[in-house]
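Chains as they are written, first to last, in the numbering used here: chain S, 1077 to 1680; chain H, 32 to 319.
What follows is the structure in structure tokens.
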């Protein structure tokens, strides 16, 4: 047993004080009576009836001394040490990932984790420094080396389980580095996925009751002539075969419902055909109660993207014209160098052998063989250069592609640009975002290369146009809760905002460039709203929970194994916390005071 | 009369009491009282007006002839019954609210007055642990001022040992009435005293006076109880148990005295100092 505030024993002075007070109080008030004749009989009688009368006479004092002693002990903060808990620094890590929302333990795994952590922190030796870490999509140090228990418990109370997957690798490296700095560190992890760290002995408090769970693990759609075909992948993470009722909602109305038989630990694909083409939001729901509700729903947005308008400014470039015409989602217009006034309202301008003094006010720009201009600097013209390095993005899918250039201008890459084609004499092509507009410049005339003659040409052009005319979101089909999204805001956009599933509207631009949008914890339908001077453009995208990684509540592959069952039981053991005796003592004080009150009122 | 103890109101009430009260010897009264006068001449004492019920033979017809009123001749020996009033004047009697000393003195005075008016011979004895003071053989209504004077000057001191003191008092032999007024907070033997008085052919009246605070004490805190007589003290802390035990002891105390008195055929009258004197007198006269 340790006393953390031994100075409190100074308060033992109260004990003699109480006795002195009693002695002073014992000076009874004088009261003259006619005779003690009867009173002596009374006192004799009282003492005869209760031999311990004298003790009783001082019972109140004894009770008060006991209460004072208990109070002094409580103030001294006695602590019953548990073996191995006497470390100066403790890392308390709590898993805040989606699976912690499972309700297979009372309230939820997360609440249980918080309770256990609360108990651990409360019972720590005062002065112990605690680093509180939350392990969600990001690993956050909520409180670093703090010995203020109140603050720690507040922080702990504020923690919320997220809908994202946990990044255990990050957590491991963070904890590992802290432990390296301070080897006398005790690491306690509260969660449902055990983590082990090479250099540290991790106490893992497993919070799991192996709840049955079903989840929509994937959802996608394709458009056909007859309508949209939707694929929903349903997984049974339970320990029994199950018939799972699944429904498809289209624009929030029930479209179809099916019962799917899925064996334990297996996954079934459910197809829904002939969903009408005008649908904008698809949702798959599992209509059954299980341990984790969040993963019973998944969404898919259907965007009917409009055609981009592109203007080719060229004397004659049949190669570019042909390829751009083939590009899906482009409406191509052609014009000569002279009609400068018409150059507005396009999403993309392709200048061939020419770049006007004043570039158009809107749209992205692709330039071949530019002339002198204000936007960037042209260095020199070289012949037959050797290609050194090609950009991975623009030249993807054409690995090993070999081509030659007859003549090209070398370019000075501006601060906003990035080299995409390096030749021995310098840079032959670059791309970059300038004034929120995507600009791609090639120093050569396409006719002075053999590129158009190769089968790679359409692929390269498609890659270029993909970059120049991006979708509003990369990977719009597979955004998971908690992940950051980089929006490709159109150059024409003046103001952009995102509407969340709960209806909140969050402005993301201005300022430009747009920062990564990370408020994606809530699953469901999000809408990116881009306002230009003339119109408003909306793009729907959905955020789903990472059910692939988080929905398996029992880690079925482990569960099959008997030896791990024993480990499982072992992990269920509560964390060694020691015991703070203060609250027990305070309760005892209350009991003693109640007894005293009873003695006093009943005049025992 | 200026006395606080006996104001005019009290004295007026005494007269009323006389009409309805008469302390008589219990066992057949007059015949016995007269026996002492046998052989001696009839000693005239006084006249008084005839009242209904008086013996016709005693009417003084000569007086009737002169005054045309019926008078009775009273003879000393016939009516004289020696009445001893033993008043406890220990310190304990000077206590209580209303004070027992006032109640007891008023009672003693009232009983004396009634007796004197009835031509009885009255002796007053104040006692604590010894005979403190006394006057004896008061006769006639005129002696009442002596009684009052005596009563006014009673001092309450000393401890109570009334039983022994009574036995030491030189009680003249012959039948008589003894009235003992006390709180009986004493360790002596009450039975011995009664036996002694009865041996002396006394008809005994035990007047037990207590103050209301002695009957039901009100104690609200820790007290040091100091005996007013001895100065001894006991510390008590008020509690329901204490009060309960007191009540138990008190009733045992009273019933003990009652038992002794009943056993010896003695009149026991319990009274509280808060009672009016006339009520106390009536209780004594009626033997209740």
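C-beta: ideal position from N, C-alpha, C; glycine also.
7 Å Cβ cut-off: residues of chain H touching residue i
| i | result |
| --- | --- |
| residue 1112 of chain S | 256, 258, 263, 265 |
For residue i, the three-state DSSP class (helix, strand or coil)
| i | result |
| --- | --- |
| residue 80 of chain H | strand |
| residue 1435 of chain S | coil |
| residue 1321 of chain S | strand |
| residue 1154 of chain S | strand |
| residue 1745 of chain S | What the structure shows of chain S is the stretch from 1077 to 1680, and residue 1745 of chain S is not part of that stretch, so it cannot be assessed. |
| residue 1312 of chain S | strand |
| residue 1524 of chain S | helix |
| residue 195 of chain H | helix |
| residue 1357 of chain S | strand |
| residue 1383 of chain S | coil |
| residue 1178 of chain S | coil |
| residue 1495 of chain S | strand |
| residue 1348 of chain S | strand |
| residue 88 of chain H | helix |
| residue 96 of chain H | helix |
| residue 1391 of chain S | coil |
| residue 252 of chain H | coil |
| residue 1488 of chain S | strand |
Proximal chain S residues relative to residue i, where beta-carbon distance stays under 7 Å
| i | result |
| --- | --- |
| residue 127 of chain H | 1110 |
| residue 245 of chain H | 1110 |
| residue 38 of chain H | Correct list: empty, because the minimum Cβ distance to chain S is about 25 Å. |
| residue 284 of chain H | 1114 |
Proximal residues of chain H, C-beta to C-beta of residue i below 8 Å
| i | result |
| --- | --- |
| residue 1119 of chain S | 265, 267 |
| residue 1116 of chain S | 265 |
For residue i, the first and last residue of its enclosing beta strand (DSSP E)
| i | result |
| --- | --- |
| residue 1505 of chain S | 1502–1510 |
| residue 1294 of chain S | 1290–1299 |
| residue 1080 of chain S | No beta strand (DSSP E) holds residue 1080 of chain S; DSSP gives it neither H nor E. |
| residue 314 of chain H | Run containing residue 314 of chain H: none in the beta strand (DSSP E); it sits in the alpha helix (DSSP H), 308–317. |
| residue 1210 of chain S | 1205–1211 |
| residue 113 of chain H | 113–119 |
| residue 1334 of chain S | 1329–1338 |
| residue 1256 of chain S | First-last for residue 1256 of chain S: 1244–1257, but that is the alpha helix (DSSP H), not the beta strand (DSSP E). |
Residue environment, residue i, which counts as buried when at least 16 other CB atoms sit within 10 Å
| i | result |
| --- | --- |
| residue 1105 of chain S | exposed |
| residue 1666 of chain S | exposed |
| residue 1668 of chain S | buried |
| residue 1375 of chain S | buried |
| residue 1333 of chain S | exposed |
| residue 294 of chain H | exposed |
| residue 1402 of chain S | exposed |
| residue 122 of chain H | buried |
| residue 1436 of chain S | buried |
| residue 58 of chain H | With a pLDDT of 42 at residue 58 of chain H, under the threshold of 50, the modelled position of that residue is not reliable, and the figure given next carries that caveat. Exposed is the call here. |
| residue 1077 of chain S | exposed |
| residue 1428 of chain S | buried |
| residue 1213 of chain S | buried |
| residue 1417 of chain S | exposed |
Residue i: contacting residues in chain S (beta-carbon distance under 9 Å)
| i | result |
| --- | --- |
| residue 123 of chain H | 1109, 1110, 1111, 1113 |
| residue 196 of chain H | Those do not exist, as residue 196 of chain H stays about 17 Å from chain S at its closest Cβ, beyond 9 Å. |
Start and end residues, alpha helix (DSSP H) containing residue i
| i | result |
| --- | --- |
| residue 284 of chain H | 271–294 |
| residue 1677 of chain S | 1658–1678 |
| residue 1230 of chain S | 1225–1234 |
Chain-ordered neighbours of residue i on chain H, where CB pairs are closer than 9 Å
| i | result |
| --- | --- |
| residue 1106 of chain S | 254, 255, 256, 257, 264 |
Chain S residues whose Cβ lies nearer than 8 Å to that of residue i
| i | result |
| --- | --- |
| residue 277 of chain H | 1114, 1115, 1118 |
| residue 280 of chain H | 1114, 1117, 1118, 1121 |
| residue 214 of chain H | 1110, 1111 |
- Item | Sufficient close CB pairs (3 or more, under 8 Å) joining the segment 1352–1364 of chain S to the segment 1262–1281 of chain S | At 8 Å Cβ cutoff, the stretches do not touch.
- Query: Does the pairing of the segment 1366–1374 of chain S with the segment 1408–1419 of chain S give three or more beta-carbon distances under 8 Å?
  - Reply: With the cut-off at 8 Å, the segment 1366–1374 of chain S and the segment 1408–1419 of chain S do not touch.
- Task: Evaluate contact between the segment 1611–1630 of chain S and the segment 1578–1586 of chain S, counting only Cβ atoms and requiring at least three cross-stretch pairs below 8 Å.
- Result: Counting Cβ pairs under 8 Å, fewer than three are found: no touch.
- Query: Touching or not, the segment 1506–1517 of chain S and the segment 1479–1486 of chain S, by the rule of three or more beta carbon pairs under 8 Å?
  - Reply: A contact is defined here as three or more CB-CB pairs under 8 Å, and the segment 1506–1517 of chain S fails this definition with respect to the segment 1479–1486 of chain S.
- Stretch pair the segment 225–238 of chain H + the segment 247–257 of chain H: three plus CB contacts closer than 8 Å: Contact between the segment 225–238 of chain H and the segment 247–257 of chain H is absent, because fewer than three Cβ pairs lie under 8 Å.
- Message: Closer than 8 Å is the cut-off here; do at least three beta carbon pairs connect the segment 125–143 of chain H with the segment 302–314 of chain H?
- Response: Using a C-beta cut-off of 8 Å, the segment 125–143 of chain H makes contact with the segment 302–314 of chain H, since at least three inter-stretch Cβ pairs fall below that distance.
- Take every Cβ of the segment 1162–1170 of chain S, pair it with every Cβ of the segment 1192–1209 of chain S, and state whether three or more of those distances are shorter than 8 Å. Yes, the segment 1162–1170 of chain S is in contact with the segment 1192–1209 of chain S.
- Query: Should the segment 1231–1250 of chain S be called in touch with the segment 1188–1206 of chain S, which here means at least 3 C-beta pairs below 8 Å?
  - Reply: Verdict: yes, contact present.
- Sufficient close CB pairs (3 or more, under 8 Å) joining the segment 203–215 of chain H to the segment 179–186 of chain H: Contact between the segment 203–215 of chain H and the segment 179–186 of chain H is absent, because fewer than three Cβ pairs lie under 8 Å.
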